[in-house]
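Shown next, in structure tokens, is the structure this report addresses.
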Amino acid sequence: MDLLVQFIIDAVSVGGLYALTAIGIGLIFGVVGLVNFAYGDFVMIGAYTILLTIGFYWPVTILIAALVLIMVALAADFVAFRPVRLASPETLMIVSFALSYTIQYTYVMMFGSLARTVNFLPAMSTNLEIMGIRIAGVSILQIVATIVLTGALAAFIRFTRIGYQMRAVSENPTMARLVGVDINKVIAAAFIASALLAVTVSVLYVAQTGTMTPFLGLNLTIIGFVATVIGGMGSLVGCALGGFLVGFLTTLLQLALPADLQPFREAFVFGAVVLMLLLRPGGLIMLATARERI
Amino acid sequence: MSLLKVQGLAVQYGAVAALQGVSINVAPGEVVALIGPNGAGKTSLLSAVAGVVRPRAGTIGFDGQELVGMPIQKIVRAGIALVPENRDIFTKLTVIENLLIGASTRNDRDGIAQDIERIGELFPALPRLFPRPAGLLSGGEQQMLAIGRALMSRPRLLMLDEPSLGLAPVVTDAVFAGIRTLRAQGMAILLVEQNAVRALSVCDRAHLLSAGIVHFTGTPDEIAHAGDIDAAYFGVPSDVAAQGSA
């Protein structure tokens with residue numbers, strides 16, 4: 059019983075991290091039609107910003123990281139994506155690859171490619187005893203952050219003016235412009251929201267692992283991308299579900315795989331994803347949200 | 078004095094010329110219809126005025142401003158609203174959100190609330206549908222919503238593209254009743270219709286467009302009496318057109 063509860067908490071906390079990543083990717087895909095492969099690199103920039111500002115009181119560190127990421131996301135949109143706004147999805151994707159590599163190797167030049175370690179929010183890595191079950195503080199933080207942020211984002215999209223403008227741009231960008239929606243403003247808002255998700259992932263990632271390389275974004279991007287595809291490309295609920303599913307699979311395999319096979323865990327995770335997509339090519343909740351992108 | 082002054086407008090899609098030097102005017106408060114067969118270039122003209130399509134040649138003057146090359150959003154701000162052919166309402170948004178998004182260029186809360194009320198009076202079928210997703214509306218309700226959404230930007234020129242398309246006659250009646258009310262309130266309207274009888278029944282003047290060229294311009298009466306034109310372009314006997322204009 060304890061083992062089961064422990065497993066569920068682990069799965070939900072890892073899944074939450076993946077869900078946040080997937081939502082960040084899915085949001086931009088929904089509003090801009092862009093699969094942003096540089097998203098994981100935003101998370102990496104957030105992690106290094108935490109490393110550089112670790113001396114401050116922790117909320118200040120997080121605030122600085124958030125501001126840096128908002129500026130990075132807006133700059134990425136302005137410099138890289140806006141000039142190719144009307145290009146094909148393939149072109150957009152290649153631009154995002156180029157951006158991803160540019161960011162990664164800029165950071166290699168600045169910080170080297172070796173892992174850096176940092177002790178951020180040490181209180182979070184202590185274990186709490188709740189009803190006889192040991193839970194890492196980080197796990198609770200991950201679960202709470204996922205719930206709060208997903209809820210806040212859903213409310214933002216549902217109830218605010220920019221929110222329904224986002225939904226309109228997602229459904230029909232030309233018509234949105236024809237009713238006077240400032241499409242660049244709406245897209246900028248989407249990038250800001252995705253930057254806030256990214257900085258949350260940075261904080262949780264650093265608090266949990268305490269280590270970083272300039273390449274940490276790659277794995278996250280792939281997992282986030284896979285989660286959005288599983289969820290049914292684009293629907294935010296689908297992204298969250300997909301993230302939790304990948305997290306669940308990862309945790310399950312960590313528990314179930316013999317030690318010899320542990321290094322190949324990702325192969326099993328993605329193998330399961332391939333199987334699932336063979337069975338449901340449109341993603342998990344394709345029916346409800348077949349045409350809804352955010 | 079004309080509100081909209083289109084001169085020598087030419088629109089080209091690849092090798093296909095959709096418009097070849099079209100000139101039309103709309104005066105303030107005037108309802109002008111563009112009628113003509115499929116592929117005549119009617120929709121292209123509206124698209125060029127709205128800024129969706131960039132013309133190859135010609136000028137589009139609106140209240141003294143040149144619209145060619147102006148971004149879509151600025152054209153909306155200048156006072157032009159388009160209701161496109163397939164209505165293009167936002168199906169995932171609720172009806173009320175569709176109306177609110179029509180006011181994207183405005184920030185006057187009170188005025189926006191008043192306009193929503195006014196649109197409810199114009200199309201009494203709409204208000205009870207406000208909380209519903211717009212995708213669940215019938216074709217006629219969607220058309221009324223699309224017109225309402227366009228009105229939310231407080232346009233000085235309303236462009237309607239085939240408002241009767243795919244609607245049952247009784248529903249078309251309701252839509253055209255709304256158009257008549259707008260006309261009575263002094264709204265300038267540029268109306269594209271394949272249903273010439275309907276169009277001639279509400280307009281002050283009509284332009285007959287075919288293969289990208291204006292072939293005839295006149296009042297509904299003048300067009301009705303040019304029976305050969307009706308026959309040539311619509312296959313409509315002239316007495317039917319005359320009835321429509323009465």
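From first to last, the protein sequence lines stand for chains A and B. Mapping of the first sequence onto my numbering: position 255 corresponds to residue 313, and the numbering continues sequentially without gaps. Mapping of the second sequence onto my numbering: position 246 corresponds to residue 323, and the numbering continues sequentially without gaps. All residues carry an ideal CB built from backbone N, CA and C; glycine is no exception.
Query, Result
"In this structure, does DSSP put A:D99 in helix, strand or coil?", "helix"
"Only counting the same chain, and skipping five residues up and downstream in sequence, which positions put a Cβ closer than 6 Å to that of B:T249?", "S241"
"Comparing C-alpha positions only, which one of B:S79, B:F167 and B:K151 sits nearest to B:L222?", "B:F167"
"Between B:I112, B:A158 and B:R133, which lies nearest to B:A127 when the distance is taken from Cα to Cα?", "B:A158"
"Which residue wins for smallest C-alpha separation from B:A182, given the options A:R219, A:I112 and A:L110?", "According to the sequence displayed, residue 182 of chain B carries Thr and not Ala. Comparing Cα-Cα distances from B:T182 to each of A:R219, A:I112 and A:L110, the minimum goes to A:R219."
"Return the residues of the stretch 227-260 of chain B that lie within a Cβ-Cβ distance of less than 7 Å from chain A, sorted by chain order.", "S230"
"Measuring straight from C-alpha to C-alpha, what distance separates A:M167 and B:V83?", "58 Å"
"Do the stretch 133-152 of chain A and the stretch 241-252 of chain A make contact, defined as three or more Cβ pairs closer than 8 Å?", "yes"
"Cα-Cα, which of B:G212, B:S287 and B:R233 is closest to B:G98?", "B:S287"
"Which residues share a DSSP beta bridge with B:Q89?", "B:A94"
"Opposite B:G295 in the DSSP bridges: which residues?", "B:A283"
"Just to confirm the assignment, what range does the beta strand (DSSP E) spanning A:R192 have?", "I191 to A194"
"Would you please verify whether the beta carbon of B:T182 is less than 8 Å from any beta carbon of chain A?", "yes"
"Taking the alpha carbon of A:L127 as the point to measure from, which residue in A:I112, A:W116, A:A105 and A:V304 has its own alpha carbon closest?", "A:A105"
"With a cut-off of 8 Å, do at least 3 Cβ pairs link the stretch 85-103 of chain B to the stretch 115-125 of chain B?", "yes"
"Within 8 Å of any Cβ in chain A, is that where the Cβ of B:Q220 sits?", "no"
"So A:L172 is in the alpha helix (DSSP H); what residue range does that whole segment cover?", "Taken as a continuous stretch (DSSP letters only), A:L172 belongs to no alpha helix (DSSP H), as it is neither H nor E."
"What's the C-alpha gap between B:V130 and A:L157?", "32 Å"
"What does B:I178 touch in chain A if you count any residue whose Cβ is under 8 Å from its own?", "Y222, Q223, A226, A234, V237 and V239"
"Under a CB-based cut-off of 8 Å, is B:K169 close to chain A?", "yes"
"From the beta carbon of B:R282, is the nearest beta carbon of chain A less than 8 Å away?", "no"
"Who are the near neighbours of A:P147 in its chain, counting only those whose CB is closer than 8 Å to its CB and skipping five residues on each side?", "G91, L92 and V93"
"Buried or exposed for A:G300, going by 16 or more other Cβ atoms inside 10 Å?", "buried"
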